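Here is the structure we will look at, set down as structure tokens.
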Amino acid sequence: MRRLLIVHHTPSPSVQAMFEAVRSGASTDEVGGVEVVTRPALAASPVDVLEADGYLLGSPVNLGYLSGALKHFFDLMYYPCLEETIRRPFGAFLHGNSDASGALRALESITTGLRWRAVLPPVVVTGEPGKADLEACWELGATAAAEIGEV
Ligand SMILES: Cc1cc2nc3c(=O)[nH]c(=O)nc-3n(C[C@H](O)[C@H](O)[C@H](O)COP(=O)(O)O)c2cc1C
1 MRRLLIVHHT
11 PSPSVQAMFE
21 AVRSGASTDE
31 VGGVEVVTRP
41 ALAASPVDVL
51 EADGYLLGSP
61 VNLGYLSGAL
71 KHFFDLMYYP
81 CLEETIRRPF
91 GAFLHGNSDA
101 SGALRALESI
111 TTGLRWRAVL
121 PPVVVTGEPG
131 KADLEACWEL
141 GATAAAEIGE
151 V
């Protein structure tokens, strides 16, 4: 069984809706052999990362950056996981109310440093997530699962 780890910070219904769509896609019956593990960003550990085969990361955009919670996760896991997780697949979803560019830049810089491989471009939603946004979240989850599981 391969493991897909979802690390998320979900302080509001908008981000929660995106998280649930991503988790639903990640758990699709169309992909076998994948166990989905979810961790709030403030509770995720480097061991969670080392024990997983792929990652999905979710956060609101706060003060022009990733949430402090997701940043804390990266601060904890970066060096303990740097050598062990090279080339592992990941996807990300961000929610902001106006401008996500700073958070996107940070995410790209951190995941480039880790040498992780994006399965799709990050899903970025501004304002209340609509049907198409949630479908994009579902697709992100399913694509990450397909990357590590059996289709
Ligand atoms: C302290 C704080 C700072 C924020 N900074 C940004 C920001 O820089 N860019 C942005 O697009 N949204 C910003 N937001 C909006 C949040 O991203 C948004 O509240 C969050 O994604 C949840 O969405 P919701 O409030 O519509 O449910 C900020 C929110 C808070 C509370």
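By the UniProt record's numbering, the letter at position 122 of the sequence shown is numbered 122, and the numbering carries on one by one without gaps. We put the CB at the ideal spot given by N, CA and C, even for glycine. From a predicted model like this one, the values you see are computed outputs, not experimental measurements.
For Ala21, I'd like the list of residues in its chain whose CB is within less than 6 Å of its CB, leaving aside the five on either flank, ordered along the chain.
-> Leu134, Cys137 and Trp138
Self-check item: Beta-ladder partner(s) of Ile6, from DSSP
Solution: Thr38 and Leu56
Checklist entry - Contact check, Glu84 vs Leu50 under 8 Å by CB: the rounded distance? => result 6 Å
Three Cβ pairs or more, each shorter than 8 Å: is that satisfied between the region 104-112 and the region 57-75?
yes
| message | Any residue with its Cβ nearer than 5 Å to a heavy atom of ligand 1 should be included. What is that list in chain order? | response | Ser12, Ser14, Pro60, Val61, Asn62, Leu63, Gly64, His95, Gly96, Asn97, Ser98 and Asp99
_Any beta carbon from chain B within less than 8 Å of Gly113's own beta carbon?_
Going by chain labels, chain B is absent from the structure shown, which holds only one protein chain.
- Query: What are the start and end residues of the alpha helix (DSSP H) that includes Leu94?
  - Reply: Taken as a continuous stretch (DSSP letters only), Leu94 belongs to no alpha helix (DSSP H), being part of the beta strand (DSSP E) at Pro89 to Gly96.
message = Pairs of beta-carbons, one from the region 86-96 and one from the region 117-130, closer than 8 Å: are there three or more?
response = yes
Practice problem: Less than 8 Å between the CB atoms is what I'm expecting for Phe90 and Tyr55, so what's the real figure, rounded? | Solution: 4 Å
message: Let me make sure I understand the geometry here. Which of Tyr78, Asn62 and Gly25 has the alpha-carbon closest to that of Ala103?
response: Asn62
**Asked** Run through DSSP, which three-state label would Thr28 get?
**Response** coil
When DSSP labels each residue in this structure, what does Ala44 get in the three-state scheme?
coil
| message | For the beta strand (DSSP E) containing Thr126, name the first residue and the last one. | response | Val123 to Thr126
*Find the nearest neighbour of Pro129 within the set Pro60, Ala43, Asp29 and Val36, judged by alpha-carbon distance.*
Pro60
| said: Using the three-state DSSP reduction, which class does Glu147 fall into: helix, strand or coil? | reply: helix
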